[in-house]
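The structure appears right after this line, and notes come after that.
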Amino acid sequence: MNKIILIFIIFVFLFCMSQNLLADYLSVDTFDDQVRPNNLGGDYGPWVLSWDDSPQSCTIEHDVTEKIDNRGASLKVKYDVDSKRKAACGFFAFLEDADLRKFDKLIFYIKGDIKEGYTQNIMVEISTSNNVSRVRVAGITDKWQKIAIPFSDFREISDWSRVNKFAVVIEDSFVSKKTGVLYFDDIYFSDEERVM
Numbered sequence: 228m229n230k231i232i233l234i235f236i237i238f239v240f241l242f243c244m245s246q247n248l249l250a251d252y253l254s255v256d257t258f259d260d261q262v263r264p265n266n267l268g269g270d271y272g273p274w275v276l277s278w279d280d281s282p283q284s285c286t287i288e289h290d291v292t293e294k295i296d297n298r299g300a301s302l303k304v305k306y307d308v309d310s311k312r313k314a315a316c317g318f319f320a321f322l323e324d325a326d327l328r329k330f331d332k333l334i335f336y337i338k339g340d341i342k343e344g345y346t347q348n349i350m351v352e353i354s355t356s357n358n359v360s361r362v363r364v365a366g367i368t369d370k371w372q373k374i375a376i377p378f379s380d381f382r383e384i385s386d387w388s389r390v391n392k393f394a395v396v397i398e399d400s401f402v403s404k405k406t407g408v409l410y411f412d413d414i415y416f417s418d419e420e421r422v423m
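What follows is the structure in structure tokens.
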């Protein structure tokens with residue numbers, strides 16, 4: 228009986244290793260509980276470059292119909308950067324000076340809304356008290372995609388010991404559609420192998 232249990236434990240361990248289920252990770256938010264703050268204790272919300280420019284807008288809400296699995300919710304981001312002025316918006320999540328030195332990737336899931344339309348490219352921003360760095364994410368579709376961005380792509384960040392903010396940037400100068408809806412789910416930091 229003990230041999231069977233041992234064999235089963237070894238099998239489960241090897242299976243988990245092959246699926247990267249044992250990789251270290253730090254969850255920012257899965258949005259499943261549909262409440263603030265995020266899993267690191269920080270707030271999150273929409274931002275707009277010029278709140279007084281009425282065409283520019285961004286709203287967020289939890290969505291229980293669009294999600295990467297059968298539980299919880301995702302974050303629905305409705306944006307509008309169709310303005311005569313310079314326009315940008317998105318959403319942010321405070322990371323509460325998280326120490327990310329044991330990780331090497333930012334990972335999240337994203338998809339566009341086929342009915343509302345969506346941009347195929349955004350920027351993702353990481354901030355510390357000293358530096359801000361952006362990475363372009365392209366090829367967004369109306370199907371869920373797992374995006375894994377190596378820390379090395381955030382070239383302006385050299386110290387990952389106190390990271391204070393994650394943000395999504397939707398800017399009129401690089402979007403493929405100036406109004407639309409994007410969904411985000413399961414944002415986390417990990418050392419798992421890159422999947423793009």
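Here the sequence shown is numbered in our numbering, starting from 228 and rising by one per residue. Beta carbons: idealized from backbone N, C-alpha and C, even for Gly.
Rounded to whole angstroms, how far is the Cβ of residue i from the Cβ of residue j, which I believe are closer than 8 angstroms?
i, j, result
"Tyr271", "Phe318", "6 angstroms"
Which of the three DSSP states is assigned to residue i in this structure?
i, result
"Asp175", "Because the chain here runs from 228 to 423, residue 175 falls outside it and cannot be looked at."
"Leu249", "Legend: pLDDT at Leu249 = 46, less than 50; position of this residue unreliable, value from coordinates given subsequently. Correct three-state label for Leu249: coil."
"Gln347", "coil"
Considering only their Cβ atoms, is the gap separating residue j from residue i smaller than 8 angstroms?
i, j, result
"Ile367", "Gly339", "yes"
"Val390", "Ile353", "yes"
"Leu333", "Leu267", "no"
"Ile376", "Val359", "no"
"Asp280", "Arg312", "yes"
"Lys405", "Asp413", "no"
"Ala320", "Asn348", "no"
Return yes when at least one heavy atom of the ligand SAH lies under 7 angstroms from the C-beta of residue i, else no.
i, result
"Gln261", "Of ligands this structure carries none, so the ligand SAH is not represented either."
Do you know offhand how far residue i's Cα is from residue j's?
i, j, result
"Trp371", "Ser301", "11 angstroms"
"Asp324", "Asp386", "11 angstroms"
"Gly299", "Gly269", "20 angstroms"
"Trp278", "Ser379", "33 angstroms"
What residue from the options has the CA that sits closest to residue i's CA?
i, options, result
"Asp290", "Leu276, Leu409, Val351", "Leu409"
"Asn297", "Thr257, Ile334, Pro273, Ser284", "Thr257"
"Ser284", "Thr292, Trp274, Gly344", "Trp274"
"Ser417", "Thr355, Arg328, Gly407", "Arg328"
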